[in-house]
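Engineer: If you read the sequence shown in our numbering, its first letter stands for residue 65, the second for the next number, and so on. From the three backbone atoms N, C-alpha and C, an ideal C-beta is built for every residue, glycine too. Since the model is a prediction, treat every value here as computed from it, not as a measurement. So that we are looking at the same thing, I have put the structure below in structure tokens.
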Amino acid sequence: MDEIYIKVEASRHYIGGSDTSAHKAENIAKKLQHDLIIKLQQRGSHRGWLSDASDSPGQTISVEDICKLWKQSEPIVLSGFIDSNGLIEQKDHIDQSYRLMNDVLNDEECNELLYQEPYFSRLSNRFEILSSIYDENDPQAIEKIECDVIDGDDVVAENLWLKLSWLSFVEEDASLRFRFSFGLESYEDVAADPDRQQYAAEFTEAVFPESALISHNESLKQLLCKVLDVNEVSYVERIVFFNAPEGGAQFHQDIEKGHQGVVFAQLRGRTGWLTLSKQALIDEIQMFLSRPDASLLMQAVNDCEEIEYLYAKASDNISLSAYLDESDNDPLEKLINRLPAFAQQLVERGHVYIVNPGDIVLLPQQDIDHCAWHAVLCLDDFPGEALSFAVREYS
Ligand SMILES: [Fe+2]
């Protein structure tokens with residue numbers, strides 16, 4: 065018989081915009097008999113207050129329904145998929161990773177930290193660190209550590225790397241990520257080299273052994289094999305995130321050649337997710353722009369020409385879809401990432417989730433037009449930790 069999973073229910077209680085005081089928001093939440101009040105705040109932009117019935121039981125979801133949602137490129141948020149025993153077993157590693165993140169925030173060099181315990185024992189005899197690079201052309205980059213993989217006297221894989229980057233340029237946002245890959249960044253067809261992908265995965269496990277909460281999770285493997293209709297899965301192109309107050313990721317997708325989607329696991333702290341399929345996001349944008357109060361857009365895009373341009377781009381599905389994919393789409397970027405009224409619409413229409421430690425998010429990424437878009441916000445006053453691994457058929 066198929067397993068039944070518990071899904072995280074979308075939070076639908078938007079209780080006030082950025083002009084609502086914390087005190088008033090708390091009172092409204094109390095009247096709703098909700099304990100939890102959440103501020104949606106990122107990069108200096110306050111998008112309003114949510115409340116959540118923290119004790120509300122999640123609804124069950126079958127594997128069949130998860131497969132259906134995946135095919136429709138809809139995100140799936142599952143509650144407590146990593147059980148509390150798993151988190152307890154990995155607690156020392158998660159605590160150690162928090163110290164590593166803090167040391168990096170305190171300007172210590174990661175490559176030097178990797179020569180110290182507990183990293184030295186985990187890496188030596190297997191990963192030979194060759195260099196540490198500071199890329200002046202990439203202002204988000206903190207440090208890139210390159211290594212070879214050795215087996216006895218043999219080098220079995222070359223030019224693996226661990227790259228540490230800030231998630232934004234905002235001074236108050238300390239969010240950072242540790243990304244593991246290999247070869248020439250943005251040029252190498254990493255999917256064509258599954259062996260080195262596996263070595264990069266092994267490198268991740270050596271630095272962050274709590275990766276096992278995804279990579280050695282039998283239930284997750286079984287679920288993903290059914291979802292992807294494959295016999296075995298690999299977790300590749302791994303990233304460990306530390307989303308900090310004011311930080312997280314703005315709306316984006318994770319399309320990359322050679323993988324079918326991404327699995328995200330929250331290990332420490334909470335994140336707020338605004339996530340939906342690309343088509344649903346297009347529908348939401350068009351719906352917002354057709355609202356009688358769409359002039360609220362001026363709160364984020366204070367430029368009539370830009371607004372006119374946005375309306376022209378949003379006039380049909382194909383041009384709006386292409387505009388979403390452009391890197392230079394300022395008015396649209398402001399609408400989806402900064403406007404409280406748009407955040408409210410997403411909340412009330414069921415596209416916002418509170419993700420707690422042990423919860424996972426499945427993000428289908430079939431192709432540029434069929435993928436789950438997502439924005440991730442830190443909900444605590446301390447940085448949390450999360451794993452974000454791409455998924456592909458094992459080969
Ligand atoms: Fe992502």
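1) Let me check understanding here. Comparing Cα to Cα, which of His110, Ile140, His77 and Asp357 lies closest to Val291?
2) Consult DSSP for Lys71 and reduce its assignment to one of helix, strand or coil.
3) For Gln317, which residues of its own chain have a beta-carbon under 6 angstroms away from its beta-carbon, when the five flanking residues on both sides are left out?
4) Considering only heavy atoms of ligand 1, does any lie closer than 7 angstroms to the CB of Ala313?
5) Taking the alpha-carbon positions, what's the Ile349 to Ile214 distance?
6) Let me make sure I understand the geometry here. Which of Pro203, Phe233 and Pro421 has the alpha-carbon closest to that of Gly108?
7) When the distance is taken between beta carbons, is Arg111 closer than 8 angstroms to Leu100?
8) Can you determine whether any heavy atom of ligand 1 sits closer than 7 angstroms to the C-beta of Asp116, and answer yes or no?
9) For the putative contact between Leu288 and Val455, defined by C-beta atoms under 8 angstroms, what is the C-beta separation to the nearest angstrom?
10) Roughly how many angstroms lie between the CA atoms of Ile382 and Glu210, to the nearest whole one?
11) To the nearest angstrom, report how far apart Phe191 and Glu249 are at their CA atoms.
12) At a cut of 8 angstroms, does the segment 390-400 reach the segment 357-370 through at least three beta carbon pairs?
13) Count the C-beta pairs between the segment 291-300 and the segment 143-150 that are closer than 8 angstroms, then say yes if the count reaches three, no if not.
14) If Gln106 sits next to Leu441, beta carbons under 8 angstroms apart, how far is it from one beta carbon to the other, in whole angstroms?
15) Quick check on Tyr445: buried or exposed, where buried means 16 or more other Cβ atoms within 10 Å of its Cβ?
16) Within 10 angstroms of its Cβ, does Gln261 collect 16 or more other Cβ (buried), or is it exposed?
17) Just to confirm, does Val326 get its C-beta within under 7 angstroms of one of the non-hydrogen atoms of ligand 1?
18) With distances taken between CB atoms, is the gap from Val294 to Glu457 smaller than 8 angstroms?
19) Based on Cα-Cα distance, which residue from Asp202, Ser195 and Ala89 lies nearest to Glu222?
20) Taking a contact to mean a Cβ-Cβ separation below 8 angstroms, would you say Leu231 touches Phe244 in this structure?
21) For Pro447, is the classification buried or exposed, using 16 other Cβ atoms within 10 angstroms of its Cβ as the cut-off for buried?
22) Classify Arg190 as helix, strand or coil using the three-state DSSP reduction.
23) Assuming contact is defined by CB atoms lying nearer than 8 angstroms, are Ile79 and Trp113 in contact in what I supplied?
24) Please list the terminal residues of the continuous beta strand (DSSP E) segment that includes Phe315.
25) Quick one: using the 10 Å Cβ neighbour count with 16 as the cut-off for buried, is Asp81 buried or exposed?
26) Using the Cα positions of Asp171 and Phe306, report the straight-line distance between them to the nearest angstrom.
Structural biologist: Quick answer:
1) Position 227 of the sequence shown, counted from the first residue, corresponds to residue 291. It is Ile140.
2) Numbered from 1 along the sequence shown, position 7 holds the residue referred to as residue 71. Three-state result, Lys71: strand.
3) Residue mapping note: residue 317 aligns to position 253 of the sequence shown, counting from 1. Closer than 6 angstroms at Cβ, skipping near neighbours: Cys435 and Trp437.
4) Here residue 313 refers to the residue found at position 249 of the sequence shown. Within the cutoff, so yes.
5) Counting from 1 along the sequence shown, the entry for residue 349 is found at position 285. Counting from 1 along the sequence shown, the entry for residue 214 is found at position 150. Ile349 and Ile214: Cα-Cα distance of roughly 51 angstroms.
6) Numbered from 1 along the sequence shown, position 44 holds the residue referred to as residue 108. Considering only Pro203, Phe233 and Pro421, the residue with the shortest C-alpha distance to Gly108 is Phe233.
7) Looking up residue 100 in the sequence shown gives position 36. Looking up residue 111 in the sequence shown gives position 47. For Leu100 and Arg111, no; Cβs fall outside 8 angstroms.
8) For the purposes of this step, residue 116 is taken as the residue at position 52 of the sequence shown. No, since every heavy atom of ligand 1 falls outside the 7 angstroms radius drawn around the Cβ of Asp116.
9) Residue numbering aside, residue 288 sits at position 224 when the sequence shown is read from its first letter. Residue numbering aside, residue 455 sits at position 391 when the sequence shown is read from its first letter. Between Val455 and Leu288 the Cβ distance is about 6 angstroms, and since that is below 8 angstroms, they are a contact.
10) For the purposes of this step, residue 382 is identified with residue 318 of the sequence shown, where counting begins at 1. For the purposes of this step, residue 210 is identified with residue 146 of the sequence shown, where counting begins at 1. In a straight line, the C-alpha of Ile382 is about 41 angstroms away from that of Glu210.
11) Position 127 of the sequence shown holds residue 191. Position 185 of the sequence shown holds residue 249. One C-alpha to the other measures close to 20 angstroms.
12) yes
13) no
14) Taking the sequence shown and counting its residues from 1, one reaches residue 106 at position 42. Taking the sequence shown and counting its residues from 1, one reaches residue 441 at position 377. Right, their Cβ atoms sit about 5 angstroms apart.
15) Here residue 445 refers to the residue found at position 381 of the sequence shown. Position check: residue 445 holds Asp in this sequence, whereas Tyr was assumed. By the neighbour-count rule (16 or more Cβ atoms within 10 Å), Asp445 is not buried but exposed.
16) On the sequence shown, residue 261 is found 197 positions in, with the first residue counted as 1. Gln261 should be labelled buried.
17) Within the sequence shown, numbered from 1, the residue matching residue 326 stands at position 262. Result yes, Cβ under 7 angstroms from ligand 1.
18) Along the sequence shown, read from residue 1 onward, the residue named residue 294 stands at position 230. Along the sequence shown, read from residue 1 onward, the residue named residue 457 stands at position 393. Note that the C-beta distance between Val294 and Glu457 is below 8 angstroms.
19) For the purposes of this step, residue 222 is taken as residue 158 along the sequence shown, with counting starting at 1. Ranking Asp202, Ser195 and Ala89 by Cα distance to Glu222 puts Ser195 first.
20) What you label residue 231 is simply residue 167 of the sequence shown in a count that begins at 1. What you label residue 244 is simply residue 180 of the sequence shown in a count that begins at 1. At least 8 angstroms separates the beta-carbon of Leu231 from that of Phe244.
21) Walking along the sequence shown from the start, residue 447 turns up at place 383. Flag for Pro447 reads buried.
22) The residue given as residue 190 occupies position 126 in the sequence shown. DSSP places Arg190 in coil when its eight states are reduced to three.
23) Counting from one through the sequence shown, the residue named residue 79 turns up at place 15. Counting from one through the sequence shown, the residue named residue 113 turns up at place 49. Result yes, Cβ atoms of Ile79 and Trp113 sit closer than 8 angstroms.
24) Along the sequence shown, read from residue 1 onward, the residue named residue 315 stands at position 251. Run containing Phe315: Gly312 to His316, per the beta strand (DSSP E) assignment.
25) Residue numbering aside, residue 81 sits at position 17 when the sequence shown is read from its first letter. Note that residue 81 is Gly in the sequence shown, not Asp. Gly81 comes out buried.
26) Against the sequence shown, residue 171 aligns to sequence position 107. Against the sequence shown, residue 306 aligns to sequence position 242. Roughly 16 angstroms separates the two Cα atoms.
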